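Student: Have a look at this one before I ask anything.
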Amino acid sequence: MEKIKVAIIGAGNIARSAHLPAYMKRSDVELTAIADVNLARAQETAQRFGIPKAFASTEELLAGAECDYVDICVWNRAHSECAIPAARAGKAILCEKPLAINLEHALRMQQEIEKAGVPFMLAVPTRYTPQAMMLREMVDNGDFGEIYYAKTAYTRRRGTPYGWFTDTSKSGGGPVIDIGVHCIDRTWYLMGCPKPVRVSASTSYAIGNFKTKGVERWRALDSDVTAFDTEDSACGVVHFENGASLLFEVSWALNAPGESFTQICGSKAGARMDPLVIYTEQNGYLTDNTPSPGKNDMFYEEIDHFIHCLRTGEKPKSDLNQAVTMQRILQGIYDSARLHREVEI
Ligand SMILES: NC(=O)c1ccc[n+]([C@@H]2O[C@H](COP(=O)([O-])OP(=O)(O)OC[C@H]3O[C@@H](n4cnc5c(N)ncnc54)[C@H](O)[C@@H]3O)[C@@H](O)[C@H]2O)c1
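Numbering (our numbering), first residue to last: 1 to 345.
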């Protein structure tokens, strides 16, 4: 089988700790180049993972190395500035979540990617856990009936990341766009991706740049950023054209226990993960089933799915339209919170 040539853009934490280790497990991929605006970081990462070429920009990488697709692992603001030249150069694109810093950037990306006609997938790894994959198969089989209500949370009591994450000009926002995208996207996917029509949400800025001792926090590689203008937490509800609703709660800092779950409720059965429980009836009695779908490396599965789609021409699970729709939901959450009213999506 001919190897797929992959170039990485962004040599930061997610590239080093998740994407590159996943590529290292494959024999059907050739990593041809890596780029980072911090050239020393790109060179060091290239050396560590045996990548032959390192560059200081997307443009230099596209001019100086061959690749079938680029894997974009830069901070949120730079997703569009890396994806657009890659699309213009005819490269397929795997792009870290969120699609973009805001809806305006996302629509510009959509226009360029559609014009170029290149394959695109948004990297939303929590769709690829065994629990999520099993639930989606059950949804597709109709095991839950009509899904009309869902609830999700990704809350941290004290878990604000260090670095560009708290600088809206680079991140686009706080927990909504950073981790809300994980749990809202996964839940929406498990609901069968109905069309969102309205959202009502609020954001809070009550805790801010806390100094709590003894807590673990994700650290961007440049963690000397001092800007801190992002929300601490948010909650709200997304309404869909089919009448279904999705309730969500997200936080980087909240005086409440941290939790992470997705719950879907259908006319025939319901489910909650993680841990996975199926709420159903058996012989007329309420029954809780606890299947054991196992464990995996969700980043490996996500990349595997994209490579499978490139080889077969199959549409990725999180394609461009879905990525833009998710960005509309995120934008709707921020707009609703700012305007203190429900907004149409
Ligand atoms: N899927 C997940 O679970 C997950 C987890 C963490 C981060 N992420 C996403 O991954 C992305 C990167 O996050 P991170 O934690 O690795 O950040 P990071 O700060 O550690 O790394 C980002 C890198 O991008 C580089 N960069 C910025 N602009 C660039 C440009 N125009 N061209 C080339 N390089 C550029 C920076 O120099 C830095 O090295 C973000 O979009 C984030 O949302 C996803």
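Just so it is clear, CB atoms sit at the ideal spot from N, CA and C, and this is done for glycine as well.
Please read these numbers as outputs of a predicted model, since none were measured by experiment.
Can you tell me where the alpha helix (DSSP H) with Ile184 in it begins and where it stops?
Tutor: Within the sequence shown, residue 184 is the residue found at index 184, counting from 1. From DSSP, the alpha helix (DSSP H) with Ile184 extends over 181–190.
Student: Decide yes or no for the touch test of the stretch 57–68 against the stretch 24–41: beta carbon pairs closer than 8 Å, at least 3 of them.
Tutor: yes
Student: Taking the DSSP output, what are the residues bridged to Gly266?
Tutor: As a working mapping, residue 266 is identified with position 266 in the sequence shown. Note: Gly266 sits in a beta bridge opposite Ile147.
Student: Using CA atoms only, rank isn't needed, just tell me which of His105, Ser204, Ala116 is closest to Lys91.
Tutor: For the purposes of this step, residue 91 is taken as residue 91 along the sequence shown, with counting starting at 1. Nearest of His105, Ser204, Ala116 to Lys91, Cα basis: Ala116.
Student: With respect to the alpha helix (DSSP H) encompassing Arg41, which residues constitute its N-terminal and C-terminal limits?
Tutor: The residue you call residue 41 lines up with position 41 of the sequence shown. Unbroken alpha helix (DSSP H) run through Arg41: 39–49.
Student: Between the alpha carbons of Pro52 and Glu66, how many angstroms are there, rounded?
Tutor: Counting from one through the sequence shown, the residue named residue 52 turns up at place 52. Counting from one through the sequence shown, the residue named residue 66 turns up at place 66. Going from the Cα of Pro52 to the Cα of Glu66 covers about 11 Å.
Student: Please list, in chain order, all residues of the same chain as Ile84 whose beta carbon is under 6 Å from its beta carbon, the five residues on each side excluded.
Tutor: Mapped onto the sequence shown, residue 84 falls at position 84. Cβ neighbours of Ile84 within its own chain (closer than 6 Å, five residues either side excluded): Glu112.
Student: Mind checking who Met121 pairs with in its DSSP beta bridge?
Tutor: Residue 121 sits at position 121 when you count from the first residue of the sequence shown. Its beta-bridge partners are Leu94.
Student: Would you list the residues sitting across from Leu286 in a DSSP beta bridge?
Tutor: By 1-based counting over the sequence shown, the position of residue 286 is 286. Paired residue(s): Glu281.
Student: Do Glu249 and Ala323 have their beta-carbon atoms positioned less than 8 Å apart in this structure?
Tutor: Reading the sequence shown from its first residue, position 323 is the one you call residue 323. Reading the sequence shown from its first residue, position 249 is the one you call residue 249. Their beta carbons are not under 8 Å apart, which means Ala323 does not touch Glu249 by this criterion.
Student: Are three or more beta carbon pairs between the stretch 308–317 and the stretch 150–167 nearer than 8 Å?
Tutor: no
Student: Starting from His239 and walking both ways along the beta strand (DSSP E), at which residues does that stretch end?
Tutor: Residue mapping note: residue 239 aligns to position 239 of the sequence shown, counting from 1. Run containing His239: 233–240, per the beta strand (DSSP E) assignment.
Student: Below 7 Å CB to CB, which residues in the same chain sit around Glu281 once its five sequence neighbours on both sides are set aside?
Tutor: Start at 1 with the first residue of the sequence shown, and residue 281 comes out as number 281. Spatial neighbours of Glu281 in its own chain (CB-CB distance under 7 Å, excluding positions within 5 residues in sequence) are listed in chain order as Thr287.
Student: Starting from Ala87, follow the alpha helix (DSSP H) in both directions and report where the run begins and ends.
Tutor: The sequence position of residue 87 within the sequence shown is 87, counting from 1. Its alpha helix (DSSP H) spans residues 78–88.
Student: At which residues does the beta strand (DSSP E) containing Ala33 begin and terminate?
Tutor: Against the sequence shown, residue 33 aligns to sequence position 33. Here the beta strand (DSSP E) through Ala33 covers 29–35.
Student: Look at Ile9 and Ile72 and say whether their C-beta atoms are less than 8 Å apart.
Tutor: Here residue 9 refers to the residue found at position 9 when the sequence shown is read from its first residue. Here residue 72 refers to the residue found at position 72 when the sequence shown is read from its first residue. Contact flag set, yes.
Student: Are there three or more Cβ pairs, one per stretch, closer than 8 Å when the stretch 214–223 is compared with the stretch 120–139?
Tutor: As far as the Cβ criterion goes, the stretch 214–223 does not touch the stretch 120–139, which means the pair count is below three.
Student: Taking 7 Å as the cut-off, is the beta-carbon of Val197 closer than that to any non-hydrogen atom of ligand 1?
Tutor: Translated into positions along the sequence shown, residue 197 becomes position 197. The answer is no for Val197.
Student: Do Thr230 and Gly180 have their beta-carbon atoms positioned less than 8 Å apart in this structure?
Tutor: Position 180 of the sequence shown, counted from the first residue, corresponds to residue 180. Position 230 of the sequence shown, counted from the first residue, corresponds to residue 230. No, they are not a contact pair.
Student: Between Ala337 and Asp68, what straight-line distance do the alpha-carbon atoms span, to the nearest angstrom?
Tutor: Taking the sequence shown and counting its residues from 1, the one referred to as residue 337 is at position 337. Taking the sequence shown and counting its residues from 1, the one referred to as residue 68 is at position 68. Cα to Cα, the separation comes out at about 41 Å.
Student: Terminal residues of the continuous beta strand (DSSP E) containing Lys315?
Tutor: Within the sequence shown, the letter at position 315 stands for residue 315. Secondary structure note for Lys315: it is in no beta strand (DSSP E), with a DSSP letter that is neither H nor E.
Student: Measuring alpha carbon to alpha carbon, tell me which of Gln331, Ala227, Ala11, Ile4 ends up nearest Val176.
Tutor: Locating residue 176 in the sequence shown gives position 176, counting from the first residue. Checking every option, the nearest Cα to that of Val176 belongs to Gln331.
Student: Specify the secondary structure class of Arg157 as computed by DSSP and reduced to three states.
Tutor: Along the sequence shown, one-based indexing puts residue 157 at 157. Coil at Arg157, not helix or strand.
Student: Closest to Arg186 by CA distance: which of Lys211, Met134, Asp143 is it?
Tutor: By one-based count along the sequence shown, residue 186 stands at place 186. With distances taken between Cα atoms, Arg186 lies closest to Met134.
Student: Is it the case that the CB of Lys97 approaches a heavy atom of ligand 1 more closely than 7 Å?
Tutor: Here residue 97 corresponds to residue number 97 of the sequence shown, with the count starting at 1. It does: the Cβ of Lys97 is within 7 Å (strictly closer) of some heavy atom of ligand 1.
Student: Let me know if His19 comes out buried or exposed under the rule of 16 or more other beta-carbons within 10 Å of its beta-carbon.
Tutor: As a first step, residue 19 is located in the sequence shown; it is residue number 19 there, counting from the start. Result: buried.
Student: Counting C-beta neighbours from all protein chains within 10 Å, is the total for Asp232 16 or more, i.e. buried, or is it exposed?
Tutor: Against the sequence shown, residue 232 aligns to sequence position 232. Its Cβ being crowded by 16 or more others within 10 Å, Asp232 is buried.
Student: Within the continuous alpha helix (DSSP H) that includes Lys5, where are the two ends?
Tutor: Your numbering for residue 5 matches position 5 in the sequence shown. Careful: Lys5 lies outside any alpha helix (DSSP H), inside the beta strand (DSSP E) at 4–9.
Student: On the DSSP bridge assignment, give the partners of Phe261 in chain order.
Tutor: Position 261 of the sequence shown, counted from the first residue, corresponds to residue 261. Beta-bridge pairing links Phe261 to Ala153.
Student: How would you write the range of the alpha helix (DSSP H) that Ile113 sits in, first residue to last?
Tutor: Within the sequence shown, numbered from 1, the residue matching residue 113 stands at position 113. Start and end: 103–116.
Student: Cα-Cα, which of Cys82, Ala106, Glu342 is closest to Val238?
Tutor: Position 238 of the sequence shown, counted from the first residue, corresponds to residue 238. Of the candidates Cys82, Ala106, Glu342, the one whose C-alpha sits nearest the C-alpha of Val238 is Glu342.
Student: Comparing C-alpha positions only, which one of Pro98, Gly64, Lys195, Gln110 sits nearest to Ser245?
Tutor: Indexing the sequence shown from 1 puts residue 245 at position 245. It is Lys195.
Student: Do Met347 and Thr290 have their CB atoms nearer than 8 Å?
Tutor: This structure does not reach residue 347, given that the chain is present from 1 up to 345, and the question cannot be answered.
Student: DSSP has Ala227 in a bridge; who is on the other side?
Tutor: Residue 227 sits at position 227 when you count from the first residue of the sequence shown. For Ala227, which the question treats as bridged, DSSP gives no partner whatsoever.
Student: Can you give the Cα-Cα distance for Glu96 and Asp335, rounded to whole angstroms?
Tutor: Along the sequence shown, read from residue 1 onward, the residue named residue 96 stands at position 96. Along the sequence shown, read from residue 1 onward, the residue named residue 335 stands at position 335. Their Cα atoms are separated by approximately 23 Å.
Student: From Cys309, Pro275, Glu216, pick the residue whose C-alpha is nearest to that of Trp252; which is it?
Tutor: Looking up residue 252 in the sequence shown gives position 252. Among Cys309, Pro275, Glu216, the Cα nearest to that of Trp252 belongs to Glu216.
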